[in-house]
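Numbering (the working numbering), first residue to last: 3 to 260.
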């Protein structure tokens with residue numbers, strides 16, 4: 003009979019030792035959650051370690067690795083266990099449910115969504131993170147956009163451009179005061195700021211853009227907020243309604259300094 007192990011550590015950080023991948027949890031091989039989430043563990047920890055080493059962040063930021071990736075590990079164990087139990091159910095109610103689902107799915111579409119053959123790995127949400135706030139903790143999709151010269155780019159290109167810094171996306175037009183504040187932020191804090199505008203609504207905007215406000219066209223209202231902070235691992239840290247002191251506080255919060 004097929005058997006598997008399903009285990010998870012109680013915590014993923016012990017002092018200067020961090021556990022990731024299969025050292026953090028072992029899951030049944032359904033949904034590609036072993037290797038994929040191991041990469042996510044590394045993404046999560048690497049930028050935080052780099053930020054601390056460079057003096058950009060507080061050492062408290064490292065505590066969030068356990069908060070975020072332990073939640074992910076526990077979720078992955080839960081999901082893969084459910085898949086394994088569907089494929090090889092215990093006698094009794096589990097087997098009755100599985101057999102009934104398969105039987106109904108042959109004829110009725112509603113039952114097909116109940117068939118659990120291994121839910122593929124998705125980006126885990128961070129609901130218990132101490133460094134995410136105001137809508138943060140969600141993975142940002144690698145959406146396509148257009149640079150101001152008309153060439154195509156993706157969110158991952160922006161993250162590479164930020165080079166380990168926080169990425170601040172500012173949506174729509176900004177006032178002169180806000181532009182100065184963003185420029186100062188780029189000089190004084192480990193962030194890179196990007197202005198996202200709608201090319202159809204503001205075709206003249208490209209004439210007024212200066213570094214560090216890199217002009218993008220399209221996806222102006224992706225988040226429905228005035229700004230969003232995206233971390234180097236592609237996760238949303240926070241969103242806000244105005245370029246003001248709250249943005250500065252959210253940047254400090256994202257770096258474990260608040």
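Glycine is no exception: its CB is placed at the ideal position from the N, C-alpha and C atoms. The model shown is predicted, which means the values in this text are computed figures rather than measured ones.
My guess is that residue i and residue j are in contact by the Cβ rule of under 8 Å, so how many angstroms apart are they, rounded?
i           : j           : result
residue 172 : residue 143 : Contact doesn't hold; Cβ gap of about 19 Å is too wide.
residue 245 : residue 183 : 6 Å
residue 174 : residue 199 : 6 Å
residue 49  : residue 192 : Between residue 192 and residue 49 the Cβ distance is about 11 Å, and since that is not below 8 Å, they are no contact.
residue 2   : residue 6   : An answer regarding residue 2 cannot be provided, because it is not within the stretch 3 to 260 covered by the chain.
residue 132 : residue 65  : 7 Å
residue 250 : residue 239 : Not confirmed; about 13 Å, so no contact.
Quick check: what's the CA-CA separation for residue i versus residue j?
i           : j           : result
residue 167 : residue 51  : 12 Å
residue 130 : residue 70  : 7 Å
residue 113 : residue 99  : 11 Å
residue 119 : residue 188 : 47 Å
residue 41  : residue 247 : 35 Å
residue 125 : residue 82  : 15 Å
residue 63  : residue 39  : 20 Å
residue 32  : residue 108 : 23 Å
residue 1   : residue 19  : Outside the modelled stretch of the chain, which goes from 3 to 260, sits residue 1, for which no answer is possible.
residue 134 : residue 162 : 21 Å
residue 210 : residue 26  : Model confidence at residue 210 stands at a pLDDT of 36, short of 50, so the residue's coordinates are unreliable; what they give is reported in the following sentence. Each residue's alpha carbon lies about 49 Å from the other.
residue 258 : residue 53  : 10 Å
residue 176 : residue 96  : 57 Å
residue 30  : residue 84  : 10 Å
residue 92  : residue 128 : 32 Å
residue 94  : residue 37  : 33 Å
Here's a check: name, in chain order, each residue in its chain whose Cβ is nearer than 6 Å to the Cβ of residue i, leaving out the five neighbours to either side.
i           : result
residue 216 : Bear in mind that the predicted position of residue 216 carries a pLDDT of just 47, short of 50, making it unreliable; the figure below should be weighed with that in mind. Result list for residue 216: 196, in chain order.
residue 212 : Low local confidence applies: a pLDDT of 36 at residue 212 is under 50, so the model's placement there is unreliable, with the coordinate-based value given in what follows. Here the set comprises nothing.
residue 88  : 100 and 118
residue 224 : At residue 224 the pLDDT is 43, less than 50, meaning the model places this residue with poor confidence and gives no usable figure here.
residue 220 : Any answer about residue 220 is weak, because its pLDDT of 40 lies below 50 and its placement is not dependable; what the coordinates show is given next. Closer than 6 Å at the Cβ level, and outside the excluded window around residue 220, lie 147 and 148.
Determine, using beta carbons only, whether residue i and residue j come nearer to each other than 8 Å.
i           : j           : result
residue 242 : residue 139 : no
residue 67  : residue 116 : no
residue 170 : residue 229 : yes
residue 43  : residue 23  : yes
Can you find the residues in the same chain that come closer than 7 Å, C-beta to C-beta, to residue i, ignoring five residues on each side of it along the sequence?
i           : result
residue 34  : 122 and 123
residue 141 : 125, 236 and 237
residue 21  : 11 and 14
residue 47  : 20, 22 and 67
residue 79  : 8, 10, 27 and 29
Could you tell me whether any non-hydrogen atom of the ligand MG is closer than 7 Å to the CB of residue i?
i           : result
residue 119 : Of ligands this structure carries none, so the ligand MG is not represented either.
Spell out a yes or no on whether the stretch 9 to 20 and the stretch 71 to 86 are touching, meaning 3 or more CB-CB pairs, one atom from each, closer than 8 Å.
yes
Would you be able to state if there are at least three C-beta pairs under 8 Å between the stretch 95 to 108 and the stretch 42 to 61?
no
Counting pairs of beta carbons, one from the stretch 237 to 256 and one from the stretch 157 to 166, are three or more of them closer than 8 Å?
no
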